[in-house]
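In this note's numbering, the protein residues as written are -6 to 155.
Structure below.
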């Protein structure tokens, strides 16, 4: 059946990746970031990314597995790359509005900002079992999640502000 519908196991996996990345990218486009003040827009992106990763552990797992395989399946998908440009354009708009209003420092690249936000939010899910055991902290407790969400928002905004 896999071969009938998808042609190969690899193509099935590419379509799974497209669905997972498509879900986060489609929801990001519904955040209406261009309508928000720059600081509020950054808060919304961070909080959304944090909550998405926290609620979609399988997304994080599959991305980890894809990285073990050097991104070979992502390379086969034009749609993942194309849809991912939407969040980069949105972040660029937030950065430029923040610069123009004197809130954000000049020269921050939107891909770097995306990396920063994603890294903070992704790591706490991808490494939660080992991190929790080594440091005896329950990363999945509501108190810790809220503390970390606030910490990430604060760190990102401190990086951006003049």
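Here a beta-carbon is modelled for each residue, glycine too, at the ideal position from N, C-alpha and C.
Cβ neighbours of residue i in the same chain (closer than 6 Å, five flanking residues each side left out)
i          : result
residue 6  : 66
residue 85 : 103
residue 83 : 26
Cβ separation of residue i and residue j, assumed to be a contact under 8 Å, to the nearest whole Å
i           : j           : result
residue 121 : residue 132 : 4 Å
residue 70  : residue 11  : 5 Å
Nearest neighbour of residue i, chosen from the options [CA to CA]
i           : options            : result
residue 93  : 8, 64 and 30       : 30
residue 25  : 64, 37 and 60      : 37
residue 149 : 127, 136 and 39    : 39
residue 152 : 139, 101 and 63    : 101
residue 135 : 0, 48 and 22       : 48
residue 68  : 147, 8, 123 and 89 : 8
Proximal residues to residue i (C-beta, below 8 Å), its chain only, five neighbours per side dropped
i           : result
residue 155 : 95, 96, 97 and 98
residue 115 : 46, 53 and 56
Burial state of residue i (16 or more Cβ within 10 Å)
i           : result
residue 104 : exposed
residue 91  : buried
residue 195 : Since the displayed the chain opens at -6 and closes at 155, residue 195 lies outside it and no answer follows.
residue 130 : exposed
residue 61  : exposed
residue 127 : exposed
Close Cβ partners of residue i (< 7 Å) along its chain, the five nearest in sequence each way excluded
i           : result
residue 141 : 117
residue 87  : 26, 31, 34 and 35
residue 81  : 103, 104 and 107
residue 138 : 47
Q. So, do the region 74 to 89 and the region 47 to 58 have three or more beta carbon pairs nearer to each other than 8 Å?
A. no
**Q.** Touching by the beta-carbon criterion (3+ pairs, under 8 Å), the region 104 to 114 and the region 36 to 44
**A.** yes
Q: Please confirm if the region 4 to 24 is in contact with the region 77 to 90, defined as three or more CB-CB distances below 8 Å between the two stretches.
A: yes
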